[in-house]
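Novice:
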Amino acid sequence: MKLDIQGHSGCDIVIVHNDNELRIHKSTHDPNYVPRLINQANKQIEASKREYQNIRIPFIFEVEHTDRDATIKMEYIYSKNFIEYFENAGFEQIKYLIGAIKYFIDLEINASTIQTVPSCVLTDKMADVARKVSKNKHLQDDEKALELVELSKQVMNSVGDMVMPVGTCHGDLTFSNILFNGNNYYLIDFLDSFIESPLLDIVKIRQDTAYLWSTLMYGKPFDKVRLSIVSEKIDKAIDEYFSAKYEWYRKYYMPLQLMNFLRILQYGHEEKVITYLKQVIEGQLSIINNPKNA
Ligand SMILES: Nc1ncnc2c1ncn2[C@@H]1O[C@H](COP(=O)(O)OP(=O)(O)O)[C@@H](O)[C@H]1O
Ligand SMILES: [Mg+2]
Numbered sequence: 000m001k002l003d004i005q006g007h008s009g010c011d012i013v014i015v016h017n018d019n020e021l022r023i024h025k026s027t028h029d030p031n032y033v034p035r036l037i038n039q040a041n042k043q044i045e046a047s048k049r050e051y052q053n054i055r056i057p058f059i060f061e062v063e064h065t066d067r068d069a070t071i072k073m074e075y076i077y078s079k080n081f082i083e084y085f086e087n088a089g090f091e092q093i094k095y096l097i098g099a100i101k102y103f104i105d106l107e108i109n110a111s112t113i114q115t116v117p118s119c120v121l122t123d124k125m126a127d128v129a130r131k132v133s134k135n136k137h138l139q140d141d142e143k144a145l146e147l148v149e150l151s152k153q154v155m156n157s158v159g160d161m162v163m164p165v166g167t168c169h170g171d172l173t174f175s176n177i178l179f180n181g182n183n184y185y186l187i188d189f190l191d192s193f194i195e196s197p198l199l200d201i202v203k204i205r206q207d208t209a210y211l212w213s214t215l216m217y218g219k220p221f222d223k224v225r226l227s228i229v230s231e232k233i234d235k236a237i238d239e240y241f242s243a244k245y246e247w248y249r250k251y252y253m254p255l256q257l258m259n260f261l262r263i264l265q266y267g268h269e270e271k272v273i274t275y276l277k278q279v280i281e282g283q284l285s286i287i288n289n290p291k292n293a
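Start counting the sequence shown at 0; every next residue gets the next number (numbering that gives the first Met the number 0).
#1: The beta strand (DSSP E) spanning Ile59 covers which residue range?
#2: What number of angstroms, rounded off, separates the C-alpha of Ile76 from the C-alpha of His28?
#3: For Asp234, count neighbouring Cβ atoms within 10 angstroms of its own Cβ and tell me buried if that reaches 16, exposed if not.
#4: With Asn180 as the anchor, note down where its beta strand (DSSP E) starts and where it stops.
#5: Restricting to Cα atoms, I'd like to know which of Leu36, Leu276, Phe58 is closest to Arg67.
#6: Could you give the residue range of the beta strand (DSSP E) that holds Ile100?
#7: Would the segment 154-164 and the segment 245-262 be scored as touching if the rule is three or more Cβ pairs under 8 Å?
#8: Quick check on the burial criterion: 16 or more other C-beta atoms within 10 angstroms. Buried or exposed for Lys277?
#9: Which of helix, strand or coil does DSSP assign to Glu74?
#10: Can you tell me which of Ser47, His64, Glu63, Val62 puts its alpha carbon nearest to the alpha carbon of Ile56?
#11: Which partner residues does Asp140 have in the DSSP bridge list?
#12: Is the CB-CB distance between Glu107 and Thr167 below 7 Å?
#13: According to DSSP, what are the bridge partners of Ile287?
#14: Where Glu231 and Ile204 are concerned, what is the direct C-alpha to C-alpha distance, given to the nearest angstrom?
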């Protein structure tokens with residue numbers, strides 16, 4: 000059976016019949032990826048212990064692994080992907096989704112504690128990005144990309160220590176990792192984050208609602224106008240909600256969103272994607288350096 004959105008991790012994803020039910024087996028045969036997949040399963044199991052309104056987590060039956068292979072065996076979810084869902088959803092359903100996202104992130108915030116993330120976390124990450132860009136053959140001679148990296152370094156140097164909630168997050172909360180089933184939303188594909196903060200989940204969801212990232216990866220035709228209207232509505236609601244509530248969101252969202260796109264850029268290899276990323280990063284730098292451009 001072929002799935003509509005294959006993720007980008009390179010894992011094998013197959014649907015398996017087990018007695019009368021269907022299961023998903025997600026596996027890797029890359030020894031370097033084994034710890035990451037096991038970690039993903041552990042994060043998913045941890046997250047499923049909490050109760051969320053409308054947000055669900057697929058049940059994991061078993062995690063099998065050796066040094067070289069790992070397989071997560073989990074519940075199969077009958078669902079739509081975000082594009083199919085948004086094409087048919089009315090505003091009432093979109094309101095539900097917005098409520099569920101806010102509720103999920105607020106629960107994560109409550110499960111975290113306010114901590115100081117030292118400035119070196121950002122500056123070290125930035126140095127790492129600069130190194131990877133200089134080694135990436137699609138970017139190392141791209142003057143625009145190198146200029147954007149230099150300007151970003153200045154931004155990251157000026158952020159300083161960040162005081163924000165740290166403790167729990169999904170780690171890759173984009174629309175491509177949400178399975179839509181009526182008014183229930185299933186989260187999959189948990190990931191380690193370089194700062195385990197709910198703020199990073201807001202950054203990831205807004206990677207889609209503000210910048211439509213996952214649509215770039217979508218292979219089939221879809222109604223772009225409708226998708227951007229729906230995304231904008233969700234984006235505005237999330238941004239207004241967290242802006243009104245949390246100073247750390249107002250202060251650190253933009254630099255962390257910039258870092259998020261830089262970390263995608265560092266591995267860029269498709270021209271279409273690199274062009275898009277440079278445009279996004281340039282826009283972000285212009286907002287950070289002059290908030291009136293927002
Ligand atoms: N539990 C599940 N039930 C149904 N479909 C799933 C499930 N897990 C994954 N999928 C399908 O596989 C796709 C990729 O899964 P994901 O875990 O995001 O992989 P990747 O790490 O490669 O991004 C999903 O978008 C979805 O279509
Ligand atoms: Mg995925």
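Ideal placement from N, C-alpha and C gives every residue a C-beta, glycine not left out. As the structure is a computational prediction, the values presented were derived from the model and not from experiment.
Specialist: Let me lay it out:
#1: Reading the sequence shown from its first residue, position 60 is the one you call residue 59. That run of the beta strand (DSSP E) goes 59-64.
#2: As a first step, residue 76 must be located in the sequence shown, where it is residue number 77. As a first step, residue 28 must be located in the sequence shown, where it is residue number 29. Whole-angstrom Cα-Cα distance: 24 Å.
#3: Within the sequence shown, residue 234 is the residue found at index 235, counting from 1. So Asp234 counts as buried.
#4: As a first step, residue 180 must be located in the sequence shown, where it is residue number 181. Asn180 -> beta strand (DSSP E) spans 177-180.
#5: The count along the sequence shown starts at 1 and reaches residue 67 at position 68. When each option's Cα is compared against that of Arg67, the closest is Leu36.
#6: For the purposes of this step, residue 100 is taken as residue 101 along the sequence shown, with counting starting at 1. Run containing Ile100: none in the beta strand (DSSP E); it sits in the alpha helix (DSSP H), 90-109.
#7: yes
#8: Mapped onto the sequence shown, residue 277 falls at position 278. Buried: at least 16 other Cβ atoms inside 10 Å.
#9: Position 75 of the sequence shown, counted from the first residue, corresponds to residue 74. Looking at Glu74 - three-state DSSP - the assignment turns out to be strand.
#10: Here the question's residue 56 lines up with position 57 in the sequence shown. For Ile56, the nearest C-alpha among the options comes from Ser47.
#11: Residue mapping note: residue 140 aligns to position 141 of the sequence shown, counting from 1. DSSP, once it has assigned bridges, lists no residue as partnering Asp140.
#12: Residue numbering aside, residue 107 sits at position 108 when the sequence shown is read from its first letter. Residue numbering aside, residue 167 sits at position 168 when the sequence shown is read from its first letter. Yes, they are a contact pair.
#13: Locating residue 287 in the sequence shown gives position 288, where the first residue counts as 1. Beta-bridge partners of Ile287 (DSSP): none assigned.
#14: The residue given as residue 231 occupies position 232 in the sequence shown. The residue given as residue 204 occupies position 205 in the sequence shown. Rounded to the nearest angstrom, the two C-alpha atoms are 12 Å apart.
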